[in-house]
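Trainee: Each residue of the sequence shown is one higher than the last, beginning at 1 in the UniProt record's numbering.
Have a look at this one before I ask anything.
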Amino acid sequence: RRHTPSQTTSPFSVLSAFVWFVPDYMAGSRVKSGKGGQVGSGKSVKVRNKTSNKVKRRRNQQEKQIREDAKAKRQRKRRKNAGSPAGTKAITPMGEEEVEGVYGETKASKLPSRSESSGGLRVGVGTKGALLDKAIDSLIAPQNSHNLTDVDLAKRVIAMVAESILEDPYRYVHKMTFFTRLRNSSPSVKIKKLALLTQVEIMSDLIPGYKIVLPSPQELNKTVNKQLTKERKYEGVLLGQYSRLVKFLNNKAKAMRNKQFNRCGIWMCVVRSLGRLLHRAHLFNLRKDIINATIPLLNHPNAQVRQIILESVVTLFKVDTCKESTLEVVRLISSYAATQGRSIRAEMLKTFLHLDLHKESFAAR
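Now the structure itself:
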């Protein structure tokens, strides 16, 4: 306790007063010698200020690192959203095998995988288009004409182009010209077959269940929204590519009647392509051209050709609900049988056995 005057003076009271006085004196001296009213000597204040500055710098560095990480995360998210719209698939690598002479480089060069070029992220739209153009040029560019016989390289590039078209047809439908150029320029029969069959399968997936009517010049002069403009452009490119494909198949079908049939060439692929489009595109444009090119093959000397076309006609009879294509096929077979007479083959008449006449007569009633 502190010494008070009311208490009697004794050695013990003097000692207790001294004990309480010394800490108070020392505290007062510390307050007077400190800076800024802080407790402690000037030296201790400097040490404490130095320590607090280190803590502040460390805290600022941590906050800066957190801000940089958040910014990088936002940038990755924006790139991902821009390069991978909703509904698209993940992009797969093209392959890791060595390819001779790719991009005009050495024999040990490789086709760049998409995962490597994107740094583990999804490839953006612009980057993907650049990769696609580079892969196409590696196969059909004039300086890389020696690659036109490389079947392995052709398979990878064909798969890459087909995948891109099916993932985003509105953006990459014009890449369908690659198959036409490859089919016309490659000396390899196997590559020609791959290009033709791939193009037919892509067309089978893309063609709609209606006929495309291109806009007139007056309609083109009118102002429309972006979605309709995009739709018109897509339908125009799709119809143009489809028209060129049908024209090619028609010319090959006519040549099959005048030349000796070679089952090892591209002829069998032409037959399968016509049979595929006969029942797959019966509601699309140029239906009559496909029917006129396909039905005469029912009287072809080769039995395998006749069987393929017969199966396609039977499939058409089953899937054709409007029966417009079925009626055209029946009329063409009837006129063909009337002109050919006894030289007609059995497969052409077997098609009538698969007509559901009872169902049609019941519907007519």
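Quick reminder that beta carbons are idealized off the backbone N, C-alpha and C, glycines included.
1) Cα separation between Arg79 and Asp133?
2) In the structure shown, what three-state DSSP assignment does His356 receive?
3) What does the Cβ neighbour count give for Lys175, buried or exposed, with the cut at 16 atoms within 10 Å?
4) Taking DSSP as the reference, what is the three-state secondary structure of His146?
5) Is His174 helix, strand or coil when you go by DSSP?
6) Between the beta-carbon of Leu278 and the beta-carbon of Val246, is there less than 8 Å?
7) Is the number of C-beta pairs between the segment 139 to 158 and the segment 219 to 226 that are closer than 8 Å three or more?
8) Look up Ala281 in the DSSP assignment and say whether it is helix, strand or coil.
9) Using CA coordinates, which residue listed in Phe284, His282, Lys318 and Arg272 is at the minimum distance from Leu298?
10) Starting from the Cα of Val330, find the closest Cα among Gln75, Leu355 and Val151 and give me that residue.
11) Identify every run of the alpha helix (DSSP H) within the segment 190 to 230, keeping only runs that are complete inside it and at least 4 residues long; order them along the chain.
12) Would you report the Cα separation of Thr127 and Thr180, rounded to the nearest angstrom?
13) Pro296 by DSSP, collapsed to three states: which one?
14) Does the Cβ of Ala346 have 16 or more other Cβ atoms within 10 Å, making it buried, or fewer, making it exposed?
15) My assumption, with CB atoms under 8 Å, is that Met348 sits in contact with Ala337. Please give the rounded CB distance.
16) Let's test the definition: count the other Cβ atoms within 10 Å of the Cβ of Lys64 and tell me whether it reaches 16, buried, or not, exposed.
17) Put Pro169 into one of helix, strand or coil per three-state DSSP.
18) Comparing alpha-carbon positions, which option in Thr321, Glu328 and Leu283 lies nearest Asn292?
19) Could you check where the alpha helix (DSSP H) with Arg306 kicks off and where it finishes?
20) Rounded to whole angstroms, what is the Cα-Cα separation between Arg59 and Arg67?
21) For Ser185, which residues in the same chain have their Cβ closer than 7 Å to its Cβ, ignoring the five residues on either side in sequence?
22) Excluding the five sequence neighbours on either side, which residues of its own chain have a C-beta within less than 8 Å of the C-beta of Ile266, listed in chain order?
23) Can you say whether Tyr242 is buried or exposed, counting buried as having 16 or more other CB atoms within 10 angstroms of its CB?
24) Measure the C-alpha to C-alpha separation of Tyr172 and Arg342 and round it to an integer number of angstroms.
25) According to DSSP, is Lys288 part of a helix, a strand, or is it coil?
26) With hydrogens ignored, establish whether the beta-carbon of Val157 is closer than 7 Å to any heavy atom of the ligand MG.
27) In chain order, what residues of the same chain have a beta carbon less than 6 Å from the beta carbon of Ser164, not counting five sequence neighbours either side?
28) In terms of residues, what are the limits of the alpha helix (DSSP H) holding Arg331?
29) Is Leu332 closer than 8 Å to Ser309 when the C-beta atoms are compared?
30) If I'm right that His282 touches Leu239 with Cβ under 8 Å, what's the distance once you round it to whole angstroms?
31) What is the DSSP secondary structure of Gly129, reduced to helix, strand or coil?
32) With H, G and I counted as helix, E and B as strand and the rest as coil, what does DSSP make of Gly265?
Mentor: In short:
1) 21 Å
2) Inspection of the sequence shows that residue 356 is occupied by Asp rather than by His. Looking at Asp356 - three-state DSSP - the assignment turns out to be coil, as it is neither helix nor strand.
3) buried
4) helix
5) helix
6) no
7) no
8) coil
9) Arg272
10) Leu355
11) 217 to 221
12) 24 Å
13) helix
14) exposed
15) 7 Å
16) exposed
17) helix
18) Glu328
19) Ala303 to Val319
20) 12 Å
21) Ile140 and Leu148
22) Val189, Lys192, Lys193, Leu196 and Lys252
23) buried
24) 50 Å
25) helix
26) As far as ligands go, the structure on display features none, and thus does not contain the ligand MG.
27) Leu132 and Tyr172
28) Glu324 to Gln340
29) The displayed chain sequence assigns Ile, not Ser, to residue 309. Contact flag unset, no.
30) Incorrect: roughly 16 Å between the Cβ atoms, too far for contact.
31) helix
32) coil
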